[in-house]
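Student:
There are 4 protein chains.
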Amino acid sequence: MDYVYGPGRNHLFVPGPVNIPEQVLRAMNRNNEDYRSPAIPAMTKTLLEDVKKIFKTTSGTPFLFPTTGTGAWESALTNTLSPGDRTVSFLIGQFSLLWIDQQQRLNFNVDVVESEWGRGADLDILESKLASDTAHTIKAICIVHNETATGVTNNLSTVRKILDAYQHPALLLVDGVSSICALDFRMDEWGVDVALTGSQKALSLPTGLGIVCASPKALEASKTAKSVRVFFDWNDYLKFYKFGTYWPYTPSIQLLYGLRAALDLIFEEGLDDVILRHKRLGTATRLAVEAWGLKNCTEKEEWYSDTVTAVVVPPNIDSSEIVKRAWKRYNLSLGLGLNKVAGKVFRIGHLGHLNELQLLGCLAGVEMILKDVGYPVKLGSGVAAASAYLQNNIPLIPSRI
Amino acid sequence: MDYVYGPGRNHLFVPGPVNIPEQVLRAMNRNNEDYRSPAIPAMTKTLLEDVKKIFKTTSGTPFLFPTTGTGAWESALTNTLSPGDRTVSFLIGQFSLLWIDQQQRLNFNVDVVESEWGRGADLDILESKLASDTAHTIKAICIVHNETATGVTNNLSTVRKILDAYQHPALLLVDGVSSICALDFRMDEWGVDVALTGSQKALSLPTGLGIVCASPKALEASKTAKSVRVFFDWNDYLKFYKFGTYWPYTPSIQLLYGLRAALDLIFEEGLDDVILRHKRLGTATRLAVEAWGLKNCTEKEEWYSDTVTAVVVPPNIDSSEIVKRAWKRYNLSLGLGLNKVAGKVFRIGHLGHLNELQLLGCLAGVEMILKDVGYPVKLGSGVAAASAYLQNNIPLIPSRI
Amino acid sequence: MDYVYGPGRNHLFVPGPVNIPEQVLRAMNRNNEDYRSPAIPAMTKTLLEDVKKIFKTTSGTPFLFPTTGTGAWESALTNTLSPGDRTVSFLIGQFSLLWIDQQQRLNFNVDVVESEWGRGADLDILESKLASDTAHTIKAICIVHNETATGVTNNLSTVRKILDAYQHPALLLVDGVSSICALDFRMDEWGVDVALTGSQKALSLPTGLGIVCASPKALEASKTAKSVRVFFDWNDYLKFYKFGTYWPYTPSIQLLYGLRAALDLIFEEGLDDVILRHKRLGTATRLAVEAWGLKNCTEKEEWYSDTVTAVVVPPNIDSSEIVKRAWKRYNLSLGLGLNKVAGKVFRIGHLGHLNELQLLGCLAGVEMILKDVGYPVKLGSGVAAASAYLQNNIPLIPSRI
Amino acid sequence: MDYVYGPGRNHLFVPGPVNIPEQVLRAMNRNNEDYRSPAIPAMTKTLLEDVKKIFKTTSGTPFLFPTTGTGAWESALTNTLSPGDRTVSFLIGQFSLLWIDQQQRLNFNVDVVESEWGRGADLDILESKLASDTAHTIKAICIVHNETATGVTNNLSTVRKILDAYQHPALLLVDGVSSICALDFRMDEWGVDVALTGSQKALSLPTGLGIVCASPKALEASKTAKSVRVFFDWNDYLKFYKFGTYWPYTPSIQLLYGLRAALDLIFEEGLDDVILRHKRLGTATRLAVEAWGLKNCTEKEEWYSDTVTAVVVPPNIDSSEIVKRAWKRYNLSLGLGLNKVAGKVFRIGHLGHLNELQLLGCLAGVEMILKDVGYPVKLGSGVAAASAYLQNNIPLIPSRI
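Going line by line, the protein sequences match chains A, B, C and D.
With full-length UniProt numbering as the guide, the letters of the first sequence map in order to residues 1 to 401.
With full-length UniProt numbering as the guide, the letters of the second sequence map in order to residues 1 to 401.
With full-length UniProt numbering as the guide, the letters of the third sequence map in order to residues 1 to 401.
With full-length UniProt numbering as the guide, the letters of the fourth sequence map in order to residues 1 to 401.
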């Protein structure tokens, strides 16, 4: 019937795509519609207004591209930069690596600042580069808010402070793919010029929307940016925004209704409470990892990620075996270690529409798998540590009080 | 948007209605159809054939009533008995109580054999009644295979042995609502005359089908049974079976497609493996209860139920508070204590389309709730006990090896 | 993939089950829930309140039985009457015939008033029977509002007038299966004591809810009615209404949410506008039949039905062939002629969630089929007649003005 | 509940997005999955193999981009051409215009061959250009197979013949957005180098997949094409094809399952029968237009399109009013006239999962609207003409014989 059957629910704990709420599945369960009827623009208007809230911006302009995070990256770069422009980009894991690769292929002059995988962006180097760049050759700072491969969250507020300290005009381009709607993110306050995310991450939708938000300064930059672009051109959207029809080409009707439902759910829970829930889930996961006697791939607490935890396995264990076993025996989907950390870490995604008992079920599964592969874990230890914390911190569900 | 919102999945651990597999939800997500077209009878034919397999009968005749378990009871009784007929019925909990109430209101002469709630049917009394009933005044033995209120499984094979020992012709009518498709049940081998279940139990469908299966002896009895019946009359179905159109009145198209999908899933996993999975889930739950230092409402191991566990709380705790808290704080649905055991037990349903990690998430939740209400549980202890057992017993998922 | 594949949508024009709106399909596309949580009673309360509106009653008490129309009949009868009670019942087609059969099998003393199929209930005979029944031996008048087999609508307001004229206390029991939510029906104004419908008719839901509404007088009668009943007993519901938990046994969660959505749609369109839409669809269909030179099975205009039209075919044509051909060649589902009119009529159901262009597509199909089977129809003639009427009468869609 | 409510089904007759079959909606009604588990690559493998069949190619390499038709265009161009390359492009309507605009913005040297809107590509000019291009400066011929704005189908087989006659090595790039899966298209036989379509057209899926198929010659060209590309780069896919993991970035799980279901439906009906069905629907539509006394925007029969018909309205009528009225009064979605033909034509899309009775309902609606806006149409005339043709040509549904 399906491609691979297993009894009971699949426990989806990769850091994306994530679990879709039933409410969103329902909203998307529909036939196509004429996107040129008055109904779709009317809904789109509410979406564009509301999507700004998840970026915490009032001055930004959002774009809903029918694409993935990779396409959203391309849109952010090509609309604001010209070939040959110098970018400072932080390489701290597989996804920042891929973004840098894209920047290079798009012919920017990429000044790569590399850190050990497991560490955050080296902001001291950023500072020294800005300090010496009195000629303002640096056109953009490209940084992932949360590196999904290692579970590292960068401090964007500090990035802004450094830029301000040197009154440097470089644009601040932020990959918020595994952060927005889950981690504290403040586009206006932190002076982010382009922020972007993908629908299949903390918004808990299917893949298919690359959501990009541009500051007024970024929009201004787009007027002179010479990078070749058509599909990802903001200007094509802006033209249709003015017409009030919004769409330069056919949108996915289903994803629009899905986004409407997803935003409604987030606002019903409260965006700040959603972020607090992610903090709880992240903390609980880290307590479990500690109780198992394993190391978090993230070196320091300041970089801990509340959306994904990369767990380092002992040298005698192949982390891919853990992921394979999770799927083959427990109907549990965990994230692989990628590139430099392949075989060395496995990842627990704890983002999106998820609650504490789902996570505890996952942690109980990981314990059994660790034992399966020969690691001397004490069964129940991680769950005990996590639930001791959770039991003190889970709030009542507001609508049920 | 919905009536009561909570983040993440609801953890549904009441002993019915239970979790519906995505495959079944998909199969039911459809418009109505003309049930008189050739398509519906063609599908119905496969359903009637395949539904016999879940009763383990080849000689039985199944009926798919658009009703609930209560209606299925009524169908079983009114088609086989006449007003005034003597039944021997075992009262061991709320659901056997309700069935007995129905028997009395249908004007049978009910010989009630009561046990303490938490104990199984008293088969010694059955034996003595049969022994003394040389005139064969007893027309039917009515017994629940699994009492959902207390988590007690009766031994049907012994009932059959006793009947055979006395060569007693009484019909054996079995409520298999919370057993069929989950516990070992053998209609032909155990000489069950009418067995029945509801779609929302181990079949993991929505409520709406009362599935009744009649032995040749029961069909024979229906020819002379004088109880008034129309909607629940087997004969109306048999007439349409002969026509090959199958339905005396409009069936639910969606439930038929859903049943098709549910049966396909069960056969893909293998009915015996489904039963083994329930045994694993039941055992794991009982180990957790023991680890928490709590008592199973079921007095003896011989009656332990692999589909529902009723957990006795200490006298100073109100079990309703546990159920309420589960729902208000953890998005977890547990079963209330009913009638005599109201406030004294809460119930964990572990039947239907469910896997081990789902159960462990539930058990972790129960631990936190126990602590919430002041019971001195060691967090993680139940999960540890359950997963120690599970880690040794969960098989690989066959389709993924 | 499915049982019988055909390209494009199935054109469902049987008089039930009917087309389900996408909004309702979406609302029902959900996992099971604990029906004992606070959420389900809260929703049920709104359902019971709102369902009264479709019966146009403020004093009635509604019951949502997990059953079909046949079960709803049984509930109406057994709760209000005692074995041996005299009913006056009108036999005017297959469904009134089946209801009468049920009344007889339930041991009432049925006084059958038969009409030619195609004619309405003979109210002159009713009058004479009431006139002579000064002893009030007649306990109930049983009448279908709309006979689905022949497309005949009875005049309930006249029935009430006759009863009042003789100040006769007989209960008025009405089968509104193919009328309620589609035809003008006024429970309170017409003094109907029990009215009932099924979810798969004009409510445009799947089969599975038998909706019964009882007047205060009917409720009073239920206190002394001696018919045996358990599953269909109103009293079991009333008990749980008082508790505020509403359900004596497990309801279908999906149908409750579906009913909520269905009622919302009806109220959004406006019940009276829904009824007007049915009048338009009925009129258009009859104009087409006339244009084809065919006869409506319904003899007189006063009985014309706005939910189903039975079309009489010429003697040399077998109407079953038309239905078969519709399905085999045009993916169109029409209603068969039943019993006395088998082979002589085919039926076009035009009820539920349906609009004018859907009907015109059906009529165009019927024209082609008539030609297929050798009837000398002028293609386009029926559509022309119907659309000439519709073009003058379809209103703008209010939400789109 | 929804953005704009209207009773009954929406009649969706824009030339995309089109009606989605229930089977496909069901297949897509699912949670996200880990796309790195073995299940997704296993399914993807079947998709890539089967998708070649709809292009009628065995040597082509397909790519499933998470994008729209506009993105698919960009992929076709940037992978095969370098900035400054000369393309010959035919401007015959709004969509070819947009593609030409894209080519210009991507810095190709576009040699535009314009026709009157309503006429096909001028192949005489193509011939003369090729004849004089002995230096082979023309690198690609860009042509839409079917211009969706005017309902014009170009003759690709002649294009190939001309190319062959001059043994010209230019690549042949074909926009098959509104043709593939609906019109006769033969990638290998016609020597098409890149063909592309979008999921929301004849494949009857939601928007979100840009399906591009490249010939061996196109793949070879991609090795030296210097256009900047990352997201749309074929090479990133080819790398993952070799790994057997297929996806360089997260695909839409739902669209993959949807595509699987859509292809299954097309193969079950038979691709050639699907194309024949479109020929029937196109012919029937044109017969209706003729019967109404209106002109087809397409000038000559050789260019008639079987997927969309643009109907020219008399000068005193604004075609936008027709589209508006269709939506406001009849719940019918028609296509607007675009750009040069705005106000002058309205479009009837007749592609995708659609059958004859659906079309006849639409035609009956158009007749009423024409009357609404003052055009002296004879109601029923178009339906009569269309159904006279259809009644002779619709085959029995194979699975129902």
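Where a beta carbon is used, it is the ideal one built from N, C-alpha and C, also for glycine.
Remember, predicted model here, so these are calculated numbers, not experimental data.
Who does residue 89 of chain A pair with in a DSSP beta bridge?
Tutor: The partner list for residue 89 of chain A (beta bridge, DSSP) reads A/112 and A/142.
Student: Check whether the Cβ of residue 276 of chain D lies closer than 8 Å to any Cβ atom in chain G.
Tutor: No chain G is present in this structure, whose protein chains are A, B, C and D.
Student: I'd like to check one pair, residue 354 of chain B with residue 11 of chain A: are the Cβ atoms closer than 8 Å?
Tutor: No, they are not a contact pair.
Student: Any chance the segment 65-81 of chain C sits against the segment 225-241 of chain B, with 3 or more Cβ pairs inside 8 Å?
Tutor: Touching, yes.
Student: Which of the three DSSP states, helix, strand or coil, is assigned to residue 61 of chain D?
Tutor: Residue 61 of chain D falls in the strand class under three-state DSSP.
Student: Run through chain C and tell me which residues come within less than 8 Å of residue 25 of chain A, C-beta to C-beta.
Tutor: Here the neighbours are 29.
Student: For the beta strand (DSSP E) containing residue 211 of chain B, name the first residue and the last one.
Tutor: Residue 211 of chain B -> beta strand (DSSP E) spans 210-214.
Student: Residue 26 of chain A lies in the alpha helix (DSSP H); which residues open and close that run?
Tutor: Element bounds for residue 26 of chain A: 22-28.
Student: Which parts of the segment 37-82 of chain B are runs of the beta strand (DSSP E), unbroken and 3 residues or longer, counting only runs that do not cross its ends?
Tutor: 61-65, all fully within the segment 37-82 of chain B.
Student: Closer than 7 Å by beta-carbon distance: list the chain C residues that pair up with residue 22 of chain A, in chain order.
Tutor: The contacting residues are 30 and 31.
Student: Quick one: grab the DSSP three-state call for residue 230 of chain C.
Tutor: Residue state, collapsed to three classes: coil.
Student: Measuring alpha carbon to alpha carbon, tell me which residue in C/193, C/248, C/108 and C/330 is nearest residue 216 of chain C.
Tutor: For residue 216 of chain C, the nearest C-alpha among the options comes from C/193.
Student: According to DSSP, is residue 347 of chain B helix, strand or coil?
Tutor: In the structure shown, residue 347 of chain B sits in a strand (DSSP, three-state: E or B).
Student: Taking the DSSP output, what are the residues bridged to residue 13 of chain C?
Tutor: According to DSSP, which records beta bridges pairwise, residue 13 of chain C is partnered with C/334.
Student: How is residue 481 of chain A classed by DSSP in three states: helix, strand or coil?
Tutor: Coverage of chain A is limited to positions 1 through 401, which leaves residue 481 of chain A absent and any answer about it impossible.
Student: Is there a Cβ from chain C that is less than 8 Å from the Cβ of residue 377 of chain B?
Tutor: No, residue 377 of chain B does not count as interfacial toward chain C.
Student: Check distances from the C-beta atoms of the segment 32-54 of chain B to those of chain C and list, in chain order, the residues that come in under 8 Å.
Tutor: Residues 32, 33, 34, 35, 36, 37, 38, 39, 40, 42 and 43.
Student: Bridge partners for residue 197 of chain D per DSSP, in chain order?
Tutor: DSSP output for residue 197 of chain D lists D/211 as bridge partner(s).
Student: Residue 89 of chain A to residue 221 of chain A, Cα distance in whole Å?
Tutor: Cα-Cα distance, rounded: 19 Å.
Student: Which bits of chain D does residue 61 of chain A rub up against, with CB to CB less than 9 Å?
Tutor: Chain D residues near residue 61 of chain A: none, gap ~20 Å exceeds 9 Å.
Student: Between the segment 284-299 of chain A and the segment 317-329 of chain B, can you find at least three pairs of beta-carbon atoms closer than 8 Å?
Tutor: These segments do not touch.
Student: Ends of the beta strand (DSSP E) at residue 309 of chain A?
Tutor: Looking at the DSSP string, the run of the beta strand (DSSP E) that includes residue 309 of chain A is 308-312.
Student: Could you tell me which of A/30, A/65 and A/33 sits nearest to residue 235 of chain A, measuring between CA atoms?
Tutor: Per the Cα distances, A/65.
Student: In three-state DSSP terms, what is residue 1 of chain D?
Tutor: Unreliable placement is indicated for residue 1 of chain D, whose pLDDT of 46 sits below 50; no coordinate value is reported for it.
Student: Which residues in the same chain as residue 115 of chain D place their Cβ atom closer than 8 Å to its Cβ, once the five residues preceding and following it in sequence are excluded?
Tutor: So the list reads 90, 91, 92, 121 and 122, once near-sequence residues are dropped.
Student: Would you kindly work out how many angstroms separate the C-alpha atoms of residue 195 of chain A and residue 368 of chain A, rounded to a whole number?
Tutor: Rounded to the nearest angstrom, the two C-alpha atoms are 39 Å apart.
Student: Beta strand (DSSP E) containing residue 402 of chain A: first to last residue?
Tutor: For chain A, the structure presents residues 1 to 401; residue 402 of chain A sits outside this window and is missing.
Student: If we count Cβ pairs, one from each stretch, closer than 8 Å, do we get three or more for the segment 337-345 of chain B versus the segment 307-317 of chain A?
Tutor: Short answer: they don't touch.
Student: Can you list, in chain order, the residues of its chain with a C-beta nearer than 6 Å to that of residue 370 of chain B? Leave out the 5 residues immediately preceding and following it.
Tutor: Same-chain partners within the cutoff: 377.
Student: 8 Å is my cut-off, CB to CB: does residue 345 of chain C come that close to chain D?
Tutor: False, the Cβ-Cβ gap to chain D never drops below 8 Å.
Student: Considering only C-alpha positions, which residue in the set D/183, D/262, D/132 and D/167 is nearest to residue 156 of chain D?
Tutor: Ranking the options by Cα distance to residue 156 of chain D, first place goes to D/183.
Student: To be precise: take each residue of the segment 248-268 of chain D, compare its Cβ to all Cβ atoms of chain A, and keep it if any distance is under 8 Å. Which residues remain?
Tutor: Residues 248, 249, 250, 251, 252, 253, 254 and 255.
Student: Relative to the alpha-carbon of residue 106 of chain C, which residue among B/78, B/108 and B/347 has its alpha-carbon at the smallest distance?
Tutor: Measuring from the Cα of residue 106 of chain C, the nearest candidate turns out to be B/78.
Student: Just list the alpha helix (DSSP H) runs in the segment 348-389 of chain D, keeping only unbroken ones of 4 residues or longer that don't cross its boundaries, in chain order.
Tutor: Within the segment 348-389 of chain D, the complete alpha helix (DSSP H) runs of at least 4 residues are 356-372.
Student: Helix, strand or coil: how does DSSP classify residue 186 of chain B here?
Tutor: The answer is coil: DSSP assigns residue 186 of chain B none of H, G, I, E or B.
Student: Could you check the C-alpha separation between residue 403 of chain C and residue 53 of chain C for me, to the nearest Å?
Tutor: Here chain C covers residues 1 to 401 and nothing more, so residue 403 of chain C does not appear.
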